[in-house]
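Written below as structure tokens is the structure these notes are about.
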Amino acid sequence: MADHRRVDTIYADFSLDTREAYRAFLTAHARVLAPLEAAVAPAQPRQPLLAQDLAALGAALPAPLPQPDARSDGALWGIRYALEGSRLGGAMLARQVGDGLPRAYLSAAHDKGEWVAFQRALDSAATEGGEGWLEDAVQGARAAFALFAQAGEAERTAIRA
2 MADHRRVDTI
12 YADFSLDTRE
22 AYRAFLTAHA
32 RVLAPLEAAV
42 APAQPRQPLL
52 AQDLAALGAA
62 LPAPLPQPDA
72 RSDGALWGIR
82 YALEGSRLGG
92 AMLARQVGDG
102 LPRAYLSAAH
112 DKGEWVAFQR
122 ALDSAATEGG
132 EGWLEDAVQG
142 ARAAFALFAQ
152 AGEAERTAIR
162 A
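Numbering-wise (my numbering), the sequence shown opens with residue 2 and increments by one.
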């Protein structure tokens, strides 16, 4: 998915081993995580962990971006997919965080079997979703990726200035 690759490209510019760039990375995520978690109410929200890491870096939670307009079940599952994928990627990124920097947010990895269970639940929801469900799910995921891209671009620009 091109939207996912775009987000990966944007966030690859952030150095996770320097305090300033890592704070910008977390700030971008915080602007997105709040509206996305509000939309889908995950069982294991990561916003408190993100707030904890930002506080340890001397930063407050930033103003969140607007919540995406996702009313259908498919769209909400698309957002969940983006959030759970972010959690999966975060576990890999946690290894790049510099010594002495907080990593509660990125270290909030899936427990064993949790990602597979999510995929099964997603497949089941898709099977039961009926006509238009898959298209809605793709749109939900794209909306989530667009928010991640918007926040990442803004913070990337700020640290380059």
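The C-beta atom is built at its ideal place from N, Cα and C for all residues, glycine as well.
Residue i classed as buried or exposed, judged by whether at least 16 other C-beta atoms fall within 10 angstroms
| i | result |
| --- | --- |
| glutamine 140 | buried |
| arginine 121 | exposed |
| valine 41 | buried |
| alanine 150 | buried |
| proline 1 | With the chain represented from 2 up to 162, any question about residue 1 goes unanswered, as that position is not in the structure. |
| glutamate 21 | exposed |
| alanine 39 | exposed |
| arginine 6 | exposed |
| arginine 96 | exposed |
| alanine 71 | buried |
is_contact[residue i, chain B] using C-beta, thresh 9 Å
| i | result |
| --- | --- |
| glutamate 115 | No chain B is present in this structure, which holds just one protein chain. |
Beta-carbon proximity of residue i to residue j, cut-off 9 Å
| i | j | result |
| --- | --- | --- |
| serine 73 | glycine 133 | yes |
| proline 69 | arginine 32 | no |
| serine 108 | histidine 30 | no |
| tyrosine 82 | alanine 138 | yes |
| leucine 135 | leucine 37 | no |
| alanine 145 | glycine 79 | yes |
| tryptophan 116 | glutamate 85 | yes |
| alanine 25 | arginine 157 | yes |
Cα-Cα separation, residue i to residue j
| i | j | result |
| --- | --- | --- |
| arginine 47 | leucine 55 | 12 Å |
| leucine 17 | isoleucine 160 | 13 Å |
| leucine 94 | alanine 57 | 18 Å |
| threonine 1 | aspartate 112 | Because the chain in this structure spans residues 2 to 162, residue 1 falls outside the shown range and cannot be described. |
| arginine 76 | glycine 99 | The residue asked about is misnamed: residue 76 is alanine in this sequence, not arginine. Approximately 36 Å, taken between the alpha carbons. |
| glycine 1 | alanine 13 | Nothing about residue 1 can be reported from this structure: the residues present for the chain run from 2 to 162 only. |
| alanine 105 | arginine 143 | 26 Å |
| proline 49 | alanine 152 | 19 Å |
| proline 103 | methionine 2 | 31 Å |
| proline 65 | glycine 130 | 30 Å |
| threonine 19 | threonine 128 | 45 Å |
| aspartate 4 | tyrosine 23 | 22 Å |
Any non-hydrogen atom of the ligand FAD closer than 8 Å to residue i Cβ
| i | result |
| --- | --- |
| leucine 123 | No copy of the ligand FAD occurs in the structure displayed, which carries no ligand at all. |
Every unbroken beta strand (DSSP E) within the stretch 51-131, with a cutoff of 3 residues, ordered by chain | DSSP runs (the beta strand (DSSP E)) wholly in the stretch 51-131: none.
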